[in-house]
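**Q**
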Amino acid sequence: MNKKFTVLFALLLVASMVLVACQPEVVTKEVEVPVEVVKEVEIPVEVEVEVPVASKTLVFSSRLFSPPQEQEFFITEIIKPFEDEHGVTVNFQIIDDQTLLDRADIQQSTDHVTTDIVVAHNSRMAEWIDAGWVEDLTDHVESWDDRHFSEAFVQNTNKDDKQYFLPVGADVYLLLANNKALPYLPEGVDLDSITWEEYADWAVAVAEGEGEGKVCITGIPSKSWVYMFGGTALSFGAGFPDANSAGAMDAWKVWETIGKGNGFVPTVLNVDSCVDPMMREESWLTVFHNARAGQVFASNETEFTLAPAPTGPTGTGSIAGVSGYAIMKDSANYDLAVSFLEYLTRPEIQVKLAKGTGGFIPPVQEAIDYLGDEAIDEVINKAVLVLENGVVSGVPGGDYEDWGAVKACFDDVFADTILTGADVTQDRLDEAQTCIDDLLK
Amino acid sequence: MKSKTNKKVIKAAKETVFYLFLTTLIAGMLLPVYFIISLSFLSTREAYQYPLPLVPAIKTDMELGYGERGYLLSVWDRIDKEYQTVLDTADLEKMEYYIKSQLGTKITEEELLIETSRLENSDEESIFFTKPRALLNNYDTFFTVTRDAVPALIRSLQIAGLTILISLSIGGLAGYAFARYIFRGKDTLRFSVLFVRMFPGVAIALPMVFILAEANLYDEPLGLSLIYSVGAIGLTIWITASIFMGIPVSLEEAAQVFGASKFQAFMKVTLPLALPGLAASAMYIFLGAWNETVAAIILTQFKPTFSVVVYQTLLGASGQVNLAAAGGISMAIPAIFFTFFLRKYINRMWGGVKV
Amino acid sequence: MATTKPKSLRKIWGQATPYLLILPVVIYYAIFWVRPVIAVIIGSFTDASGIFTLQNFVMVFNDESFFPALYNTAIIVIVSVTIEFIGALFLALLINRKFWGSSIFLFLMLIPMALPAVATGAMWMTGLTAHGWINSLLYYLGFLAEGEKIYWLGGLQQNQLKLLALVIILDAWQVIPSMMIILLAGLQNLSEEAKEAGYVFGGNFITVLRKITIPILQPTIQTAVILRLISAIQIWLIIVLLLGFGRLPVLVERIVYYHEEVPGLDISYQMAAGYTIIVSVIVSLTALLYLRVSGAFKKEETV
Chain A
1 MNKKFTVLFA LLLVASMVLV ACQPEVVTKE VEVPVEVVKE VEIPVEVEVE
51 VPVASKTLVF SSRLFSPPQE QEFFITEIIK PFEDEHGVTV NFQIIDDQTL
101 LDRADIQQST DHVTTDIVVA HNSRMAEWID AGWVEDLTDH VESWDDRHFS
151 EAFVQNTNKD DKQYFLPVGA DVYLLLANNK ALPYLPEGVD LDSITWEEYA
201 DWAVAVAEGE GEGKVCITGI PSKSWVYMFG GTALSFGAGF PDANSAGAMD
251 AWKVWETIGK GNGFVPTVLN VDSCVDPMMR EESWLTVFHN ARAGQVFASN
301 ETEFTLAPAP TGPTGTGSIA GVSGYAIMKD SANYDLAVSF LEYLTRPEIQ
351 VKLAKGTGGF IPPVQEAIDY LGDEAIDEVI NKAVLVLENG VVSGVPGGDY
401 EDWGAVKACF DDVFADTILT GADVTQDRLD EAQTCIDDLL K
Chain B
442 MKSKTNKKVI KAAKETVFYL FLTTLIAGML LPVYFIISLS FLSTREAYQY
492 PLPLVPAIKT DMELGYGERG YLLSVWDRID KEYQTVLDTA DLEKMEYYIK
542 SQLGTKITEE ELLIETSRLE NSDEESIFFT KPRALLNNYD TFFTVTRDAV
592 PALIRSLQIA GLTILISLSI GGLAGYAFAR YIFRGKDTLR FSVLFVRMFP
642 GVAIALPMVF ILAEANLYDE PLGLSLIYSV GAIGLTIWIT ASIFMGIPVS
692 LEEAAQVFGA SKFQAFMKVT LPLALPGLAA SAMYIFLGAW NETVAAIILT
742 QFKPTFSVVV YQTLLGASGQ VNLAAAGGIS MAIPAIFFTF FLRKYINRMW
792 GGVKV
Chain C
797 MATTKPKSLR KIWGQATPYL LILPVVIYYA IFWVRPVIAV IIGSFTDASG
847 IFTLQNFVMV FNDESFFPAL YNTAIIVIVS VTIEFIGALF LALLINRKFW
897 GSSIFLFLML IPMALPAVAT GAMWMTGLTA HGWINSLLYY LGFLAEGEKI
947 YWLGGLQQNQ LKLLALVIIL DAWQVIPSMM IILLAGLQNL SEEAKEAGYV
997 FGGNFITVLR KITIPILQPT IQTAVILRLI SAIQIWLIIV LLLGFGRLPV
1047 LVERIVYYHE EVPGLDISYQ MAAGYTIIVS VIVSLTALLY LRVSGAFKKE
1097 ETV
């Protein structure tokens, strides 16, 4: 045994020496190059990373469709037919927005562009466009006359009248309730047109009846609280992201009522996504992202009720998000990528995709015509209702230095007023607004 | 005579207490592990129940009746001891999918058709039927979604092996130097190699990746090994140095007296004695390389590591904690195997080496 | 033949040997590590436009999270390194008794360290939530009445000390095995004769441990503790996993925060670089202090 290891160690030594010896070019390169100019150095040998000619591989990296069942659907139902038709392989990968940007950074700055298509969230699109890492698709979009993308997201997908991203998988906020909460619903309230005040009263009634709060919001900093609050604020006529306008104040008061009535789940500070607490029945009430609401709803349709988000004086407010397809600059498979995007954005494919993946809204005007009346269509229908009739705002991520920091301004107000049972004061909100405005570019 | 049996009894009692204590210790340490394993076998519905079932069910009892939209499906709840409604649909394909994805039970549309016609033909309001649970359902889903899991797994093993190779050889040499030689600047150097671990790795992960990309090691397993070795070498130096220090120089000298060269003395005497230290370092290095994702995601495209494909599958697995558990366990198994093989070198029985 | 070489040359060669053995490491670091580190160091001393400044460090010290982060980190380091060391030493000594089944026992004890973050994450998240497996277990065992729950991660009001204690326990669970294997490896070279001699001369378990085992194990202990000390100061992942950013700030969590959560701010890079340098200074000073106190440098300080 020991002999074997001795030999092994000797081998290790030799092998490592070889390894070290194999890297001489690297060594000299490092020595010669001064620190600042390194990125400009041309390394001639590196183009050959690409795919073998025989069958083309299209690399598709996406932040969207990350839940495993959505991945499964996208691979088998959407990608597969395209692969068969074109005799190519689509390499589908799920990557979060930040890593996607990091990866693009390294690929672009070292000229190893191996990713062809990226799917980014609308709050991050500006970063892609500003860095010049995505191709201008305006001409292609104009040549497809069977589809018109929803106008709602132009501010994110386009810049200077040029379209870089093609929208996919839009979302708004829906109300999801565990049926156990229904007996507490105030008399005469219709769930499909419930107001924010009624929602707050309902939440407080549940808390009183159960001895424990049951409203879920994402209490972990930098998650979706800003969107949850934003929807309320829009219902009261505020803009987004407004923290201190009159409408916003009314919105804060709604949440203050819930806070003072101990309406939040006690573990609210540890909620990262409301999916888990809703499924565990730790929480019974929430207003959140329609695809995630659809996911919980699908886990037990007879136990949950879905409705549009509550309304206010100006209507049903909701933040709308969307993702977008874009082609990476210098993609080696540009033409193939264009035809894949053409395929993906066809109205019927968009609808198939929306249904198969839990209830995203297909952001193509023509797509709405393809909806039926199954349970999943109910989710999409209610979401479309909010998107069409509601007061909807996108996420103006590009206007701010850092959207995460904007979120933090809202998180802080929540943590030090509503959560502690304190009053939301105009002074505190003015402070929050300063916090937000300071981040404007 | 009597005292002898007494002694035996006392010894047996002592041993019993000792092993009882060990068992308690293990049970305490591994309780969380039990739950994550158990969770990986639960159906989604059970995984989100409270109180959580302690063991996975092996069968699913279902009730089929009439609902508002079509057929009403109910499921036996082991905790509440009653049938609970879960689905109201006329679409049997949807029901099949529901039973698979939420109840972790396989049933074909034909079988469902048989059950529905049984319901239609009976006078009862509902009928009951039982199906065995597909216990490996989560693993099944996990490996369906995780494309190219096997090549990625092999690649990860290669990377970990290569990292061990690089770090043990380069680090081991230096470790030996620090343990056996007295030279100017020794303490400073020894401290400096540790500084690599002191400098927060998160701050330089990205720039390090850039260096590799420039050196044409983008999407190459070797590239990742080189990155992982940076942290591993410092660790190896310290562990091996401390182990070499514990081995008396006199042993090596004794061998040299009997005619061995310094190199032979090292190979025949010191190295075998240092095996536990090398094994301990190897374990650290393996686990570090095996579980790393940050650099691997950015640096790989067509050749992802296993940790990367697991990350991609589980990134959005909220609401499917049982699947996340299955993924986590799948990732842990090779590492646990490695631990299993290495353990005997760490806890070496004495008597193997005689000088 | 050795004698044919000039003596001085041999001597030089002999003196050079340790440097040659260390040379590969130096080259390796020079290639992969030095450049990014220098870039961060330069970054920490320059402002956004590249002009020399100390403002970054002023900003870090004025950051309202800095002192809480420092304080939390200090508590975690002091408490966790202590209990982890004691736990690891205890287990290592236990396993080193080579009782029947010790090898399997060792293997089982190593399992926690082999689990990837995705497994431990799922494990603690499903355990510590109000409707999680820990409360379920307590309920089955009769410690919790129906409807009664323990909020492990804190309820509406969060007690920082309680959260710190929780983090330390969860961390120890995974770290003790990894510390133990180093100590156990070191124990393999402790000859039984030395210990027996101790017992023969009337020592009991404690005195043998104190007078014989620990002194011989000294280099290994130093290694185990120093490696742990270094990584304990840099703890962050488990905290972010359980509580998100900012709820229980610690030093390295701040670096990650500026890198990943708010990367777009004008000051993000400067803050991250500033924190990085401060962390590495704190770690080195602590490590140096420990090594001085524990005598790692003392006995061989020569030439």
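Protein chains in written order, with the working numbering: chain A, 1 to 441; chain B, 442 to 796; chain C, 797 to 1099. The beta-carbon is built from N, C-alpha and C at its ideal position, and this holds for glycine as well. Note that the coordinates shown come from a computational prediction; the quantities given were computed from them, not determined experimentally.
(1) Leu-440 of chain A: which of A:Glu-401, A:Leu-285, A:Asp-430 and A:Val-90 sits nearest, CA to CA?
(2) Return the bridge partner residues of Tyr-512 of chain B from the DSSP annotation.
(3) Starting from the C-beta of Trp-1032 of chain C, find all residues in its chain whose C-beta is less than 7 angstroms away, skip the five residues before and the five after it, and write them out in chain order.
(4) Just the Cα atoms here: how many angstroms apart are Leu-1023 of chain C and Leu-979 of chain C?
(5) Quick check on Thr-501 of chain B: does DSSP put it in helix, strand or coil?
(6) Report back the beta-carbon spacing between Ala-170 of chain A and Val-322 of chain A to the nearest angstrom; my notes put them in contact at under 8 angstroms.
(7) For Leu-419 of chain A, decide whether its Cβ has a neighbour in chain C, counting only Cβ atoms nearer than 8 angstroms.
(8) Mind the definition here: the segment 689 to 706 of chain B touches the segment 999 to 1009 of chain C only if three or more C-beta pairs lie below 8 angstroms; say whether that holds.
(9) What does the alpha-carbon distance come out to for the pair Glu-72 of chain A and Ser-318 of chain A?
(10) Quick one: does Val-591 of chain B have its CB under 8 angstroms from some CB of chain A?
(11) Would the segment 196 to 203 of chain A count as touching the segment 258 to 266 of chain A if we require 3 or more Cβ pairs under 8 angstroms?
(12) What separation, rounded to the nearest whole angstrom, lies between the Cα atoms of Glu-40 of chain A and Gly-398 of chain A?
(13) Within this structure, are the beta carbons of Leu-1061 of chain C and Leu-1013 of chain C separated by less than 8 angstroms?
(14) How many Å lie between Glu-46 of chain A and Asn-657 of chain B at the Cα?
(15) How many angstroms separate the CA atom of Glu-638 of chain B from the CA atom of Ser-771 of chain B?
(16) Determine the direct distance from the alpha carbon of Lys-547 of chain B to that of Phe-901 of chain C, and round the result to whole angstroms.
(17) Buried or exposed: which applies to Ala-104 of chain A, given that a residue is buried once 16 or more other Cβ atoms fall within 10 Å of its Cβ?
(18) Roughly how many angstroms separate the alpha carbons of Leu-495 of chain B and Gly-239 of chain A, rounded to a whole number?
(19) Could you pull the DSSP bridge partners for Val-481 of chain A from this structure?
(20) Run through the DSSP bridge pairs and tell me what Ser-318 of chain A is partnered with.
(21) Evaluate the contact criterion for the segment 220 to 240 of chain A versus the segment 292 to 303 of chain A: three or more CB pairs, one atom per stretch, below 8 angstroms.
(22) Just to confirm the assignment, what range does the alpha helix (DSSP H) spanning Lys-441 of chain A have?
(23) For Ile-808 of chain C, count neighbouring Cβ atoms within 10 angstroms of its own Cβ and tell me buried if that reaches 16, exposed if not.
(24) Pull the bridge partners of Ser-861 of chain C from the DSSP assignment, please.
(25) I want to know whether the segment 162 to 182 of chain A touches the segment 301 to 308 of chain A - three or more CB-CB distances under 8 angstroms.
(26) Residue ranges of each beta strand (DSSP E) run of no fewer than 3 residues wholly in the segment 370 to 432 of chain A, ordered along the chain?
(27) In whole angstroms, what separates the C-alpha of Gly-760 of chain B from that of Val-749 of chain B?
(28) Compute the Euclidean distance between the alpha carbons of Asp-532 of chain B and Tyr-538 of chain B, then round it to the nearest angstrom.
(29) In chain B, which residues lie with their C-beta within 8 angstroms of the C-beta of Ala-789 of chain C?
(30) Is the segment 623 to 640 of chain B touching the segment 658 to 676 of chain B, taking contact as three or more C-beta pairs under 8 angstroms?
(31) Indicate the three-state DSSP secondary structure (helix, strand or coil) for Ile-520 of chain B in the structure shown.
(32) Residue range of the alpha helix (DSSP H) that Ile-117 of chain A falls in?
(33) Given that a residue counts as buried once 16 or more other Cβ atoms are within 10 Å of its Cβ, and exposed if not, what is Val-690 of chain B?
(34) Taking only the alpha-carbon atoms, compute the straight-line gap between Phe-584 of chain B and Ala-590 of chain B and give it to the nearest angstrom.
(35) Decide if Pro-167 of chain A is buried, meaning its Cβ has at least 16 other Cβ atoms within 10 Å, or exposed.
(36) Determine contact between the segment 88 to 108 of chain A and the segment 607 to 614 of chain B, defined as no fewer than three beta-carbon pairs at a distance below 8 angstroms.
**A** Taking the geometry as given:
(1) A:Glu-401
(2) B:Tyr-507 and B:Thr-530
(3) Val-1046, Val-1048, Glu-1049 and Val-1052
(4) 12 angstroms
(5) strand
(6) 4 angstroms
(7) yes
(8) no
(9) 29 angstroms
(10) no
(11) yes
(12) Only weak support is given to the placement of Glu-40 of chain A: the predicted model assigns it a pLDDT of 36, under 50, and the question is left unresolved by the model.
(13) no
(14) With a pLDDT of only 37 at Glu-46 of chain A, under the threshold of 50, the placement of this residue in the model should not be trusted; the figure read from the coordinates follows. So the two alpha carbons sit approximately 6 angstroms from each other.
(15) The identity of residue 638 of chain B in the sequence shown is Arg, whereas the question assumes Glu. Rounded to the nearest angstrom, the two C-alpha atoms are 29 angstroms apart.
(16) 38 angstroms
(17) buried
(18) 49 angstroms
(19) Residue 481 of chain A lies beyond the range of chain A shown here (1 to 441); nothing can be said about it.
(20) A:Val-392
(21) no
(22) Here Lys-441 of chain A belongs to no alpha helix (DSSP H), and DSSP marks it neither H nor E.
(23) exposed
(24) In DSSP, Ser-861 of chain C forms no bridge with anything.
(25) yes
(26) 391 to 393
(27) 21 angstroms
(28) 10 angstroms
(29) Since the first residue of chain C shown is 797 and the last is 1099, residue 789 of chain C is not available in this structure.
(30) yes
(31) coil
(32) No alpha helix (DSSP H) contains Ile-117 of chain A, which is instead part of the beta strand (DSSP E) from 117 to 121.
(33) exposed
(34) 7 angstroms
(35) buried
(36) no
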